[in-house]
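Trainee: Residue numbers (the numbering used here): 4 to 267.
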């Protein structure tokens with residue numbers, strides 16, 4: 004991404020954000036928002052940047068620092084030049100018509116399947132390869148600190164990452180999409196699955212399939228599910244989820260068949 008001049012940031016108009024139940028107010032330079040993607044640039048140019056109730060705390064941190072930490076409070080945003088009553092929000096799926104994300108990373112095909120040499124590796128190795136690739140694309144050394152929110156808050160923390168991804172996908176912020184996959188993958192890898200914590204993963208899967216999450220995100224979650232299917236299968240809620248979502252069932256079975264083929 005081409006660097007933006009500091010004087011352009013400092014001289015741009017401000018947006019006011021209302022964060023959390025206490026409605027704490029924060030401001031952000033509009034030029035920095037517009038620099039993140041062509042779609043956001045269009046919104047800012049039209050003075051319509053009033054969306055993203057679910058992801059703006061993270062977007063603000065990412066825009067200024069190149070990183071983010073998943074928040075667990077709700078976020079809303081209002082343009083300084085518009086009335087609060089006119090504010091709108093995107094839905095939890097983060098969808099806005101006619102705005103397409105950037106092309107997926109090379110390790111995933113357009114259908115969201117693992118491609119190339121990665122098929123020869125074991126499931127966890129494939130999972131780690133994908134996560135490491137996402138981390139390398141967002142950090143020169145490929146090192147991104149593990150976000151403890153998902154580990155501390157379970158499903159709520161995972162869903163914060165997902166909503167940031169949906170927002171980035173909606174507005175074509177490619178690097179932020181990769182950063183989310185990196186952080187979410189690291190959190191899943193470190194998550195102590197077992198007992199009641201299984202329900203956190205099921206809640207994550209349910210949200211992504213109820214809301215038609217993008218292929219790249221679902222592909223990562225399907226692979227994680229296949230790696231942990233024995234633990235997940237112990238719960239009736241996971242079985243019910245598979246019954247409710249044929250697409251998830253087929254994807255998990257395909258991933259399991261690949262595991263069996265690797266054992267031959």
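Here a beta-carbon is modelled for each residue, glycine too, at the ideal position from N, C-alpha and C.
#1: Label residue 195 either buried or exposed according to how many other C-beta atoms from any shown protein chain fall within 10 Å of its C-beta, with 16 as the threshold for buried.
#2: Excluding five sequence neighbours on each side, which residues of the same chain lie with their C-beta closer than 7 Å to the C-beta of residue 206?
#3: Going by other Cβ atoms of all chains shown within 10 Å of its Cβ, with 16 needed for buried, is residue 136 buried or exposed?
#4: Since residue 185 and residue 228 should fall inside the 8 Å C-beta cutoff, what is the C-beta to C-beta distance between them, to a whole number of angstroms?
#5: Using three-state DSSP, classify residue 141 as helix, strand or coil.
#6: Taking C-alpha atoms, which residue in 249, 179 and 163 lies nearest to residue 67?
#7: Roughly how far, in whole angstroms, is the beta-carbon of residue 252 from the beta-carbon of residue 245, given that I think they are within contact range, below 8 Å?
#8: On the CB-based measure, 16 or more other CB atoms within 10 Å of its CB, does residue 166 come out buried or exposed?
#9: Considering just the uninterrupted stretch of the alpha helix (DSSP H) at residue 170, what are its terminal residues?
#10: How would you write the range of the alpha helix (DSSP H) that residue 227 sits in, first residue to last?
#11: Where does residue 263 land, buried or exposed, given buried means 16+ other C-beta within 10 angstroms?
Mentor: Quick answer:
#1: Against the chain shown, residue 195 aligns to sequence position 192. Exposed, because fewer than 16 other Cβ atoms sit within 10 Å of the Cβ of residue 195.
#2: Your numbering for residue 206 matches position 203 in the chain shown. So the list reads 158, once near-sequence residues are dropped.
#3: As a first step, residue 136 is located in the chain shown; it is residue number 133 there, counting from the start. Residue 136 comes out buried.
#4: Here residue 185 refers to the residue found at position 182 of the chain shown. Here residue 228 refers to the residue found at position 225 of the chain shown. Actually they do not touch by this definition, with Cβ atoms about 19 Å apart.
#5: By one-based count along the chain shown, residue 141 stands at place 138. In the structure shown, residue 141 sits in a helix (DSSP, three-state: H, G or I).
#6: Position 64 of the chain shown, counted from the first residue, corresponds to residue 67. Across the set 249, 179 and 163, the C-alpha of 179 shows the shortest separation from the C-alpha of residue 67.
#7: Numbered from its first residue, the chain shown carries residue 252 at position 249. Numbered from its first residue, the chain shown carries residue 245 at position 242. Going by Cβ atoms, the distance from residue 252 to residue 245 rounds to 4 Å, so yes, they are a contact pair.
#8: Translated into positions along the chain shown, residue 166 becomes position 163. Buried, because 16 or more other Cβ atoms sit within 10 Å of the Cβ of residue 166.
#9: Working through the chain shown from its first residue, we reach residue 170 at position 167. It spans 158 to 173 - the alpha helix (DSSP H) in which residue 170 sits, taken as one unbroken run.
#10: On the chain shown, position 224 is the one that residue 227 refers to. Residue 227 -> alpha helix (DSSP H) spans 218 to 230.
#11: For the purposes of this step, residue 263 is taken as residue 260 along the chain shown, with counting starting at 1. Exposed, since its Cβ has fewer than 16 Cβ neighbours within 10 Å.
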